[in-house]
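Colleague: Numbering of the sequence shown is given in the numbering used here, commencing with residue 2 and proceeding in unit increments.
Let me give you the structure first, and then I'll get to my questions.
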Amino acid sequence: MAGRETPTLRTVLVDDERLASEELAYLLREFPDVEVVGTARNGLEAVELLESVEADLVFLDVQMPGLNGLGVVRKLRERGVPLPR
2 MAGRETPTLR TVLVDDERLA SEELAYLLRE FPDVEVVGTA RNGLEAVELL
52 ESVEADLVFL DVQMPGLNGL GVVRKLRERG VPLPR
């Protein structure tokens, strides 16, 4: 299947631990079909970011202070933001 283009996975990283987010971004650079389109350090930043960018894939930390990962998903659903599938 030469010449076949793989669609790019537009990816968002959400983690309150900076080093974890940076390491994941570094590891993802090895995959040419993955593009990190945004990062957030907490749940509120994640909601704002995901309202403004289209993402195919979200790495979402579940345990964060304030609004945790599950709270992010709830808030996005409440606001009618399409979630990656």
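Backbone N, C-alpha and C define an ideal beta-carbon position, used for all residues, glycine too.
1. Taking 8 Å as the cut-off, decide whether the C-beta atoms of residue 9 and residue 36 are in contact.
2. Answer with buried or exposed for residue 59, where buried requires no fewer than 16 other C-beta atoms within 10 angstroms of its C-beta.
3. Find the nearest neighbour of residue 49 within the set 31, 34, 76, judged by alpha-carbon distance.
4. Cβ atoms of residue 26 and residue 38: under 8 Å apart, would you say?
5. Put residue 47 into one of helix, strand or coil per three-state DSSP.
Modeller: In terms of the structure at hand:
1. By 1-based counting over the sequence shown, the position of residue 9 is 8. By 1-based counting over the sequence shown, the position of residue 36 is 35. In contact: residue 9 and residue 36 (Cβ atoms closer than 8 Å).
2. Here residue 59 refers to the residue found at position 58 when the sequence shown is read from its first residue. Buried.
3. Taking the sequence shown and counting its residues from 1, one reaches residue 49 at position 48. Here the closest residue by C-alpha is 76.
4. As a working mapping, residue 38 is identified with position 37 in the sequence shown. As a working mapping, residue 26 is identified with position 25 in the sequence shown. Going by C-beta atoms, residue 38 is not nearer than 8 Å to residue 26.
5. On the sequence shown, residue 47 is found 46 positions in, with the first residue counted as 1. When secondary structure is reduced to three states using DSSP, residue 47 falls in the helix class.
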